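2 protein chains.
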Amino acid sequence: MKVGAILLAAGKGIRANLNVPKQFIEINGREMWEYPFEIAYRISKVEDIIIVTLGEWVKHIEEKVGCKRKKSVTVIEGGDKRQESVYNALKFMSDRDIDVVAIHDTARPMVSKDNFIDCINMAIKYSACTVVSEVVDTMVIVQNDSIEDIAPRSVLYHVQTPQCFQFDVIWRAHNNARENHNVYTDDATLVLKELSMDIKIVKGSRLNIKVTSSEDIELVKYLMSRK
Amino acid sequence: MKVGAILLAAGKGIRANLNVPKQFIEINGREMWEYPFEIAYRISKVEDIIIVTLGEWVKHIEEKVGCKRKKSVTVIEGGDKRQESVYNALKFMSDRDIDVVAIHDTARPMVSKDNFIDCINMAIKYSACTVVSEVVDTMVIVQNDSIEDIAPRSVLYHVQTPQCFQFDVIWRAHNNARENHNVYTDDATLVLKELSMDIKIVKGSRLNIKVTSSEDIELVKYLMSRK
Numbered sequence: 000m001k002v003g004a005i006l007l008a009a010g011k012g013i014r015a016n017l018n019v020p021k022q023f024i025e026i027n028g029r030e031m032w033e034y035p036f037e038i039a040y041r042i043s044k045v046e047d048i049i050i051v052t053l054g055e056w057v058k059h060i061e062e063k064v065g066c067k068r069k070k071s072v073t074v075i076e077g078g079d080k081r082q083e084s085v086y087n088a089l090k091f092m093s094d095r096d097i098d099v100v101a102i103h104d105t106a107r108p109m110v111s112k113d114n115f116i117d118c119i120n121m122a123i124k125y126s127a128c129t130v131v132s133e134v135v136d137t138m139v140i141v142q143n144d145s146i147e148d149i150a151p152r153s154v155l156y157h158v159q160t161p162q163c164f165q166f167d168v169i170w171r172a173h174n175n176a177r178e179n180h181n182v183y184t185d186d187a188t189l190v191l192k193e194l195s196m197d198i199k200i201v202k203g204s205r206l207n208i209k210v211t212s213s214e215d216i217e218l219v220k221y222l223m224s225r226k
Numbered sequence: 000m001k002v003g004a005i006l007l008a009a010g011k012g013i014r015a016n017l018n019v020p021k022q023f024i025e026i027n028g029r030e031m032w033e034y035p036f037e038i039a040y041r042i043s044k045v046e047d048i049i050i051v052t053l054g055e056w057v058k059h060i061e062e063k064v065g066c067k068r069k070k071s072v073t074v075i076e077g078g079d080k081r082q083e084s085v086y087n088a089l090k091f092m093s094d095r096d097i098d099v100v101a102i103h104d105t106a107r108p109m110v111s112k113d114n115f116i117d118c119i120n121m122a123i124k125y126s127a128c129t130v131v132s133e134v135v136d137t138m139v140i141v142q143n144d145s146i147e148d149i150a151p152r153s154v155l156y157h158v159q160t161p162q163c164f165q166f167d168v169i170w171r172a173h174n175n176a177r178e179n180h181n182v183y184t185d186d187a188t189l190v191l192k193e194l195s196m197d198i199k200i201v202k203g204s205r206l207n208i209k210v211t212s213s214e215d216i217e218l219v220k221y222l223m224s225r226k
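Residue numbers (numbering that gives the first Met the number 0), protein chains in the order written: chain A, 0 to 226; chain B, 0 to 226.
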């Protein structure tokens with residue numbers, strides 16, 4: 000059973016309005032993408048790590064991971080959209096005999112190692128799994144600026160990453176999506192919609208936030224400094 | 000047009016696991032409940048403020064607000080559940096000629112004055128309104144630990160407070176709920192379910208979080224120190 004990890008660091012960070020793409024922002028002495036990279040690197044069953052980034056940042060990451068040579072780490076160039084970046088990494092992986100792949104957004108630097116491992120194990124057993132977090136507030140369905148109904152909170156979850164899949168499943172799903180010109184914002188949705196497959200969940204922490212604004216960066220800095 | 004505000008500070012804070020109920024935790028020199036109190040007090044059209052708290056904390060709050068006498072501030076004892084506390088406050092208000100009432104959880108100390116005012120104005124115009132915040136992540140519907148479907152994110156919102164109502168509407172809705180022994184966790188849901196009324200929304204900030212854990216308290220301390 001060979002497990003690979005795809006770490007997505009190809010976002011342009013337009014929303015965060017910074018000098019560098021947000022995954023390269025330094026947080027307490029390390030760049031954001033390094034936190035999930037370290038976690039993936041320290042998981043013994045992950046043998047093959049692909050980091051997908053912007054063309055002009057490939058060398059930068061290669062230099063940073065230069066000393067990490069206990070397992071295979073490859074840096075490749077991503078596409079314009081998240082889905083293309085994942086596709087590029089899957090394509091690169093497709094002749095490397097990977098059985099299960101974990102896909103993670105490096106804009107979620109707070110991911111826990113336990114959740115990462117649990118998600119991989121669920122994919123080994125059930126083909127497809129995503130980390131999710133519970134909904135805390137009452138949620139409502141709004142139409143035309145009025146509340147239409149109360150949403151069923153007990154069954155609603157936030158989708159996070161990592162998302163883990165048996166390689167043949169995610170590879171087939173991505174090829175289907177490409178052929179059909181369907182674009183998705185995450186891979187669990189892509190697999191669900193393209194293959195109608197059962198996607199399992201691992202309940203993670205609310206703190207595994209996705210950094211999208213400079214406020215979020217401040218928050219992550221703070222949360223990390225408290226650990 | 001007479002506007003009143005009900006500030007709920009009657010939670011026992013069991014979940015937060017602290018020495019005092021969470022609304023009395025000191026954050027950067029002030030107790031949590033004082034932040035939304037100050038906001039309500041500074042809104043010129045709010046003439047009548049009722050603070051609902053635990054019996055043993057009535058005197059404490061009365062002493063703290065002692066010097067604030069430019070408008071009517073009354074501290075009353077709450078009930079066992081949130082809904083009973085609101086009911087007690089509404090009952091107290093019922094002979095005070097209030098036209099519109101804003102109900103706010105003091106466990107949301109980060110509320111903005113602008114959202115508070117907008118919500119009141121919407122209730123003046125349309126009878127009922129709640130502050131909400133947008134959903135950032137993809138949301139899924141989960142059944143038996145598997146994803147059943149993707150939730151329609153664009154129409155989903157988190158319900159927050161303040162929630163504002165014309166007094167006769169919220170008073171009727173609460174009396175209905177009492178008669179029918181229905182219990183709700185917020186008043187917008189109560190009015191929607193009891194009276195099938197149109198509830199308007201005001202889009203607020205994600206930062207208007209509800210403090211439920213000691214982690215949340217740390218977060219609020221941090222966010223407030225940055226202002």
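Note that CB positions come from ideal geometry on N, CA and C, so glycine has one too.
Remember, predicted model here, so these are calculated numbers, not experimental data.
| Check | Outcome |
| --- | --- |
| C-alpha distance - A/S145 paired with A/F166, whole-angstrom precision | 44 Å |
| Counterpart residues of B/T52 in DSSP-defined beta bridges | B/A8, B/E76 |
| B/R225 at chain A interface by Cβ criterion, 8 Å | yes |
| Beta carbon proximity, B/L191 to chain A, threshold 8 Å | yes |
| A/A8 and A/T73 closer than 8 Å at C-beta | no |
| Proximity winner among A/R152, A/M0, A/S204, relative to A/D96 (alpha-carbon distances) | A/M0 |
| CB contact check: B/S145 to chain A, cutoff 8 Å | yes |
| Beta-carbon proximity check, B/V100 vs B/M92, cutoff 8 Å | yes |
| Range of the contiguous beta strand (DSSP E) that encloses A/Q142 | 138-142 |
| Reference A/V201; option with closest CA among A/Y86, A/K124, A/R68, A/K90 | A/K124 |
| Amino acids of chain B, ordered along the chain, whose beta-carbon sits closer than 7 Å to that of A/Y221 | Y221 |
| Reduced DSSP category for A/L155 - H, G, I as helix; E, B as strand; rest coil | strand |
| B/V45, buried or exposed, once every other Cβ within 10 Å from all chains shown has been counted against 16 | buried |
| Interfacial residues, the segment 175-187 of chain B to chain A, with Cβ spacing under 8 Å | T184, D185, A187 |
| A/S213 in three-state terms, based on DSSP | helix |
| Unbroken alpha helix (DSSP H) run spanning B/H59, endpoints | 57-64 |
| Residues near A/N175 in its chain [Cβ-Cβ closer than 6 Å; skip 5 each side] | E193 |
| Simplified DSSP assignment, three categories, for A/A106 | coil |
| Nearest neighbour of A/N181, chosen from A/A88, A/R81, A/V64 [CA to CA] | A/R81 |
| 7 Å CB neighbourhood of B/R41 in its chain, flanking five on each side removed | K112 |
| Neighbour flag for B/V154 against chain A, beta carbons, 8 Å | yes |
| Interface flag, A/I149 vs chain B, CB-CB below 8 Å | yes |
| Best match in B/K90, B/Y183, B/K69 for proximity to B/E37 [C-alpha to C-alpha] | B/K69 |
| Proximity to A/I140 [Cα-Cα], best of B/K209, B/A39, B/V154 | B/V154 |
| Inter-residue spacing [alpha-carbon to alpha-carbon] between B/K209 and B/K21 | 11 Å |
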